[in-house]
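Residue numbers (this note's numbering): 132 to 258.
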C-alpha cells in the first residue's frame with residue numbers, strides 16, 4: 132500500500148464524520164468546481180449523489196469506522212488541483228445546503244498544499 136495519498140482528514144472532521152455516519156449511514160464526499168455551495172466539499176449519504184465518468188476518485192478517508200469514506204472530485208476541478216494534496220477539515224459555521232453537516236452548526240472545508248517532490252513522482256506529475 133502506498134504512503135502517498137491525495138486526500139486526508141483532520142481529527143476534528145473525522146470525529147464529525149463518525150457522528151454523521153451514525154446518524155445517516157455510510158457517507159461519501161464530492162468536490163466540484165462550481166460556485167457557492169459547489170466550491171465546498173459536499174458530504175452525502177451513499178446513493179444520494181451519483182458520480183459519473185467525469186468524476187475522479189481522489190481516495191478514501193479512514194475516520195475510524197468499519198468503512199472508509201470515498202472522496203471524488205469533478206474532472207474539470209481535478210485539472211486545476213492535480214498538483215495539490217487536499218485535507219478535509221471542519222470549522223464552525225453554516226454548512227452547504229445539501230451537505231449532511233448543514234444542521235450541525237459546522238461546515239466542511241478544504242485545506243490544500245502543493246504535492247511534495249516524492250508525491251509528484253508517485254502520481255506521475257514530476258516535470
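Ideal Cβ positions, reconstructed from N, Cα and C, are used throughout, including at glycine.
Q. Can you list the beta strand (DSSP E) stretches of 3 or more residues lying completely in the region 146–215, in chain order?
A. Counting whole runs of 3 or more residues, the region 146–215 contains the beta strand (DSSP E) stretches 158–162, 173–176, 186–192 and 200–205.
- Tell me, please, whether the region 194–213 touches the region 225–238 by the rule of three or more beta-carbon pairs shorter than 8 Å. Fewer than three beta-carbon pairs drawn from the region 194–213 and the region 225–238 are found closer than 8 Å, and the two stretches are therefore not classed as touching.
- Item | C-alpha distance - residue 246 paired with residue 254, whole-angstrom precision | When only Cα atoms are considered, residue 246 and residue 254 end up about 10 Å apart.
Alpha-carbon spacing of residue 77 relative to residue 191, whole angstroms: Residue 77 is absent from the model: the chain starts at 132 and stops at 258.
For chain E, find out if any of its Cβ atoms is closer than 9 Å to the Cβ of residue 212; answer yes or no.
Checking the listed chains, one finds no chain E in this structure; it contains a single protein chain.
Requested in this report: On the DSSP bridge assignment, give the partners of residue 223 in chain order.
Outcome: According to DSSP, which records beta bridges pairwise, residue 223 is partnered with 237.
Report task. Locate the beta strand (DSSP E) running through residue 257, then write down its first and last residues. Result -> First-last for residue 257: undefined, no H or E at that position.
Check your understanding: Closer than 8 Å: is that where the CB of residue 237 sits relative to any heavy atom of the ligand PLP?
Key -> This structure lacks the ligand PLP; in fact it carries no ligand of any kind.
Any chance the region 234–245 sits against the region 178–185, with 3 or more Cβ pairs inside 8 Å?
-> With the cut-off at 8 Å, the region 234–245 and the region 178–185 do not touch.
Can you tell me the Cα-Cα spacing of residue 196 and residue 156, whole angstroms? Computed Cα separation, rounded: 11 Å.
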